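Chemist: In the order they appear, the protein sequences are chains U and D.
Residue 4 is where the first sequence starts when you use the numbering used here, and the numbers rise one by one after that.
Residue 2 is where the second sequence starts when you use the numbering used here, and the numbers rise one by one after that.
Even glycine gets a Cβ: it sits at the ideal position worked out from N, Cα and C.
Quick caveat, the model's predicted, so the values are computed rather than measured.
Below you will find the structure I want to go over with you.
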Amino acid sequence: MLETLADLVNADANLVRRGRFVDTTFLIAIDDTYTLVRIQEGSVASVTRGPFITPDYSFALRAPREVWEKFWQPLPPLGFTDIFALVKQKLMQVEGDLHPFMANLLYFKDVIAAPRKGAAR
Amino acid sequence: MSPSFEPITGRYLHLDLLGKPHRLYIEEAGQGIPLLCLHTAGSDARQYRGLMNDKRITANYRVIAFDMPWHGKSSPPVGWQDIEYQLSSRDYVRMIVEVADALQLDKPVAMGCSIGGRIVLHLAHEVPERFRALIGLESAAHTEPYYDLSWLNRPDVHGGMVSAGVVSGLVAPTAPTEGRWETLWHYMQSGPGVFKGDLYFYMIDGDIRGKLGEIDIARCPMFFLTGEYDYSCTPEGTLAVAERLGAEAVIMKDLGHFPMSENPEKFNGYLLPVLDKIRDL
């Protein structure tokens, strides 16, 4: 699901503009498959799939595959529409240095939900 | 587009609230049974403009919404700079009663959303005789914190942006774009720490689970409406309250936590039958 993330985000000029002060790397864990997403000035600079020996990232979002698959549907089912909905139900863990995440929350929510657009095509 | 005024009137009311002088911004439209509307945490009375612009509602109801102190165009009390704002159940109940008294409202209907949906339960418990009926939007007896609230007020995070970011997922994904972003704009305009201070009531002080058994809807009828996409005040939470009280609850399709502002047209379709029932009481 993350193969198209860079293209989907970088093609959205307004999303990139909203994230122009973001420079960080975060981790998405789908079960125990890890992917590092590098953001530079709001663009996705790289998407690198693990395994990693010493992954270096600011924050991580961890959830089982079936949770991510529901979250990334074009219209997710009730309870799977938002990261905070998943966190509240303890279906997702958000951990690490949350400052870049919370300081750019609307931006990151749209970046992380971007695969929905790909699924809709 | 030709210029046109909405039928809403906005005025500033000077009154004593909670023992201090306040300058409160109040909007209203319509004539009939007073319908006192209570906005959500960290937002303001603009959320109810969709009601005030609907003639089907204002034909029979005088729709009134005030910005709570610290919110919208209502100022915080003098000396606010030395206070950490924190909304308590006691102050919230008192504030609503004192505003209703100041406006000389005769047995109004009170309708609140989220924190307002919680406080109507407190009103039913504390002062049921003051109200003709109570309508809870997105009501639950309690909501556990599900993120660290300190993110909402710190100098290295934009408070308006993070508040809007936190609540953005509570708007139904099916909401019209305009309603979604209008709702979030109100959150972006909130003063520093105000949303966090309201959530003290919502997630800590306002827990009313232990008092539900003491609410008697024969003394003041209650109605509940909750959006199916609300994961903060969940439909399950509302249905549990309604069942306990023996009150009517409707789960609203395609709506989230801010029904009146995210999708007013759809919401009014659910509200009108409730307002009709209250007219017949």
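Provide the residue(s) that pair with Glu28(D) in DSSP beta bridges, ordered along the chain.
Modeler: In the DSSP output, where bridge partners are listed per residue, Glu28(D) has Gly11(D), Ala66(D).
Chemist: Short of 6 Å in beta carbon distance, which residues of its chain neighbour Met96(D), apart from the five on each side in sequence? Order them along the chain.
Modeler: Around Met96(D): Leu18.
Chemist: Which residue from Ile120(D), Arg133(D), Arg91(D), Ser89(D) puts its Cα closest to that of Lys108(D)?
Modeler: Taking only the C-alpha atoms, the option nearest Lys108(D) is Arg133(D).
Chemist: Taking Cβ to Cβ, would you say Gly118(D) is nearer than 8 Å to His40(D)?
Modeler: Not closer than 8 Å, so no.
Chemist: At which residues does the alpha helix (DSSP H) containing Phe111(U) begin and terminate?
Modeler: First-last of the alpha helix (DSSP H) with Phe111(U): 108 to 116.
Chemist: Give the DSSP-derived three-state secondary structure of Ile1(D) in the structure shown.
Modeler: Because chain D in this structure spans residues 2 to 282, residue 1(D) falls outside the shown range and cannot be described.
Chemist: Does any CB atom of chain D fall closer than 8 Å to the CB of Phe87(U)?
Modeler: Closer than 8 Å to some Cβ of chain D, the Cβ of Phe87(U) qualifies, so yes.
Chemist: How many angstroms separate the CA atom of Ile9(D) from the CA atom of Pro77(D)?
Modeler: About 24 Å.
Chemist: Is it the case that the Cβ atoms of Val167(D) and Leu30(U) are separated by a distance below 8 Å?
Modeler: No.
Chemist: Which residue wins for smallest C-alpha separation from Gly137(D), given the options Thr175(D), Val158(D), His258(D), Pro70(D)?
Modeler: Checked all of Thr175(D), Val158(D), His258(D), Pro70(D); the closest Cα to Gly137(D) is His258(D).
Chemist: Which whole-angstrom value is the C-beta distance of Leu1(D) and Val110(D), which I expect to be below 8 Å?
Modeler: Shown here, chain D extends from 2 to 282; a query on residue 1(D) therefore has no answer.
Chemist: Measure the Cβ-Cβ separation of Met223(D) and Ala101(D) and say whether it is below 8 Å.
Modeler: No, Cβ-Cβ distance for Met223(D) and Ala101(D) is not below 8 Å.
Chemist: List, from N- to C-terminal side, the beta strand (DSSP E) runs of 3 residues or more that fit wholly inside the region 123 to 179 of chain D.
Modeler: The qualifying runs are 134 to 138.
Chemist: Could you please give me the residues that DSSP links to Pro35(D) through a beta bridge?
Modeler: Note: Pro35(D) sits in a beta bridge opposite Arg63(D).
Chemist: Cβ closer than 8 Å: which chain U residues qualify as neighbours of Val158(D)?
Modeler: Under the 8 Å cutoff, chain U gives His102, Met105, Ala106.
Chemist: Under the assumption that His72(D) contacts Asp45(D) (Cβ atoms under 8 Å), give the Cβ distance between them as a whole number of angstroms.
Modeler: Rounded, the Cβ-Cβ distance is 5 Å, consistent with contact.
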